[in-house]
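Start counting the sequence shown at 13; every next residue gets the next number (the numbering used here).
Beneath this line is the structure, given in structure tokens, with notes to follow.
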Amino acid sequence: AGRRHVVDAMRALGLAVTIDRIGNVYARREGRDPRAKPVMMGSHIDSVATAGRFDGCLGVLGGLEVVRTLNDARHVTRRPIVVAFFTEEEGARFSTDMLGSAVATKRIALDRAWALTDRAGKSVKSELEAIGFLGEAPVELDPPHAYVECHVEQGPVLRAANVDIGVVTGVQAIAWHELVITGRSAHAGTTPMELRRDPGMAAARIQLYLRAMVLSGRYTKQLRATVGVTQYSPGLVNVVPNRVQMTVDVRHPDDEVLKKALGELVPFYGKVAEEERVEVQHKVTARTPNIAFAPRVQELVLKHAEGRGLSFKKIVSGAGHDAQEMAAVCPAGMVFVPGEYEGISHNPREYSTKEQCANGVNVMLDVVTELAEEEGV
Ligand code: HGY
Ligand code: MN
Ligand code: MN
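Pasting the structure below:
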């Protein structure tokens, strides 16, 4: 329903809507030179289950607001303008992040993406079909002239520094693991400890080990580790579990440092398996290096923030974004807006004020209209 709502808004603005085979949606506004490569604004409208209303949506609806403003001003840019939303940016349902934009930029093959399943075993392809968004357009994206994404910071930095705009220099490196730990279920009262093969204890040791790695400072103070999911089965108070499913999310601004941390963590899985006499299977479900955004786009964001008398600060994104996938195929960059309540995100309390959102979208308007006048193919 959210997808259809946005597509209706796109069409109401006179945009030509294309849906590709991974469900990415591209809405095009013609330019004076229809052969010129377009300038694209985009983000995502899918969200984590406990989402707020700004993560992703700001960039898509902000892009539509830019189009509305250009329409009202009867301003036709040289280059066409495209507003896009990508499928499954969050990875919270189908287990890998930036799925649609990674397929569009060929980091993930379409067949592999289609086959990913959610906890109910439903596949991406079958779900796209079920909601009527298994489009026909080829997924391989013709690289646009440039890509700009407006997004909430999702953290405390900009608000604490009291600045209006984040000039995003890049995105930190991310690694996600899915662990399945299997042992032997037993009676919680009658089974002596030395006879147990308890995957729950193994999971707990892994979680504490992650914390020890972070607190050790061996990987600088910027290493971040999160266990977001632990599922015990059978999940009964007086039954030693036989199976634990858990996720690990580890991030660092420098991929070389993240690699070293993973180089310590993965062997620990094996050590715990041996000592707790359980089996630990681990799958890498997401893995992206840190990336830098195009200096040219960063400069435009900075210039237009200044031009509007807005304060700004350079910032590395702690969250992953579709823009990091687009950076592989074209000059890409992001405009961050601050968030209230310490920038809480992936939480219903996520909130940015109208002024904060307007500042970000206005800067994106200026950056996009300048890029859309640039000469060349
Ligand atoms: O997980 C992330 O960083 C993003 O919200 N997908
Ligand atoms: Mn997002
Ligand atoms: Mn998110």
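Beta carbons: idealized from backbone N, C-alpha and C, even for Gly.
For residue i, I'd like the list of residues in its chain whose CB is within less than 8 angstroms of its CB, leaving aside the five on either flank, ordered along the chain.
i: VAL252; result: GLY195, ARG196, SER197, ALA198, HIS199, ALA200, THR203, ARG208, ASP210 and GLY212
i: VAL379; result: VAL160, VAL309, LEU312, VAL313, HIS316, GLY345 and VAL347
i: THR62; result: HIS358, ASN359 and PRO360
i: GLY330; result: GLN166, GLY167, GLN184, ARG236 and ARG263
i: SER135; result: TRP126, ALA127, LEU128 and THR129
i: GLY247; result: PRO253
i: VAL226; result: LEU235, ARG236 and ALA237
i: VAL151; result: ASP32, ARG33, ILE34, ASN36, VAL115, ALA116 and LEU122
Drop a sphere of 10 angstroms on the beta-carbon of residue i, count the other beta-carbons inside from all chains shown, and report buried for 16 or more, exposed for fewer.
i: MET205; result: exposed
i: SER228; result: exposed
i: SER113; result: buried
i: GLN166; result: buried
i: GLU362; result: buried
i: SER364; result: buried
i: GLY54; result: buried
i: ASN374; result: buried
i: GLY1; result: Within the shown structure, residues of the chain are numbered from 13 to 389, placing residue 1 beyond reach of any answer.
i: GLY332; result: buried
i: VAL278; result: exposed
i: LYS137; result: buried
i: GLU100; result: buried
i: ALA224; result: exposed
i: LEU82; result: buried
i: GLY64; result: buried
i: GLY144; result: exposed
i: ALA285; result: buried
Pick from the options: whose alpha carbon is nearest that of residue i?
i: HIS358; options: SER59, ARG44, ARG16 and THR30; result: SER59
i: LEU76; options: LEU377, PRO50 and VAL192; result: LEU377
i: GLU318; options: VAL175, VAL29 and PRO343; result: VAL175
i: GLU102; options: ASN83, ILE57, LEU128 and SER135; result: ILE57
i: VAL79; options: GLY71, ALA285, ALA370 and ARG41; result: ARG41
i: ARG16; options: GLY26, ARG33 and VAL37; result: VAL37
i: ASP20; options: GLY35, ALA39 and ILE34; result: ALA39
i: GLY74; options: GLU386, ILE356, GLY247 and VAL349; result: VAL349
i: ALA298; options: ARG217, VAL249 and GLU190; result: GLU190
i: ILE193; options: GLN293, GLU139 and ASP334; result: GLN293
i: PHE305; options: CYS342, ALA216, ASP154 and ARG47; result: CYS342
i: ARG47; options: GLY71, VAL72, THR89 and ARG33; result: THR89
i: VAL71; options: ASP154, THR300, PHE98 and LEU153; result: With the sequence shown as reference, residue 71 is identified as Gly, and Val is not the correct amino acid for it. When each option's Cα is compared against that of GLY71, the closest is PHE98.
i: ALA142; options: LEU122, ILE34 and ALA340; result: ILE34
i: THR242; options: ILE218, VAL284, GLY275 and ALA28; result: ILE218
i: LYS283; options: ALA104, ALA214 and VAL249; result: ALA214
i: VAL18; options: ASP32, ASP84 and ALA96; result: ALA96
i: ASP32; options: ALA85, ARG23 and LEU140; result: LEU140
Who are the Cβ neighbours of residue i in its own chain at under 7 angstroms, not counting the five residues just before and after it?
i: ASN302; result: GLY182, VAL183, GLN184, ALA185, PRO265, ASP266 and ASP267
i: ASP334; result: GLY54, SER55, HIS56, PHE98, GLU101, MET110, SER113 and GLU161
i: ARG23; result: VAL29
i: SER245; result: PRO253, ASN254 and ARG255
Going straight from the alpha carbon of residue i to that of residue j, what length do you get?
i: GLY68; j: VAL260; result: 23 angstroms
i: VAL328; j: GLN368; result: 19 angstroms
i: GLU148; j: THR30; result: 9 angstroms
i: PRO168; j: ARG289; result: 42 angstroms
i: LEU25; j: ASP130; result: 34 angstroms
i: MET43; j: LYS49; result: The sequence given here places Gly at residue 43; Met does not occur at that position. Distance between the alpha carbons of GLY43 and LYS49: 10 angstroms.
i: ALA273; j: ALA187; result: 11 angstroms
i: TYR281; j: VAL389; result: 51 angstroms
i: LYS271; j: LEU153; result: 30 angstroms
i: ARG119; j: LEU146; result: 20 angstroms
i: GLY240; j: HIS87; result: 47 angstroms
i: GLN257; j: ILE356; result: 27 angstroms
i: ALA339; j: HIS163; result: 16 angstroms
i: VAL249; j: ALA104; result: 28 angstroms
i: VAL326; j: ARG320; result: Checking the sequence, you will find Lys at residue 326 rather than Val. Distance between the alpha carbons of LYS326 and ARG320 is about 17 angstroms.
i: PRO307; j: PRO155; result: 18 angstroms
i: PHE324; j: ALA173; result: 9 angstroms
i: GLU354; j: ASP45; result: 44 angstroms
i: ALA121; j: PHE66; result: 29 angstroms
i: PHE106; j: ARG255; result: 21 angstroms
i: LEU220; j: VAL180; result: 32 angstroms
i: ASP84; j: LEU170; result: 32 angstroms
i: ALA216; j: GLY275; result: 20 angstroms
i: GLY14; j: GLU287; result: 48 angstroms
Using a Cβ-Cβ cut-off of 6 angstroms (strictly less than) and excluding sequence neighbours within five positions of residue i, which residues of its own chain qualify?
i: GLU337; result: MET110, SER113, ALA114 and THR117
i: VAL51; result: ARG91, ILE93, HIS157, ALA158, VAL380, LEU383 and ALA384
i: VAL269; result: TYR231
i: LEU322; result: ASP176, ILE177 and ASN371
i: THR108; result: THR297 and ALA298
i: THR300; result: ILE186
i: GLU352; result: TYR363
Taking only heavy atoms of ligand 4 into account, decide whether any of them is closer than 8 angstroms to the Cβ of residue i.
i: VAL60; result: For ligand 4, the structure offers nothing, since it holds only ligand 1, ligand 2 and ligand 3.
Which residues, in chain order, sit with a beta-carbon under 5 angstroms away from any heavy atom of ligand 2?
-> The set, ordered by position in the chain, is ASP67 and GLY68.
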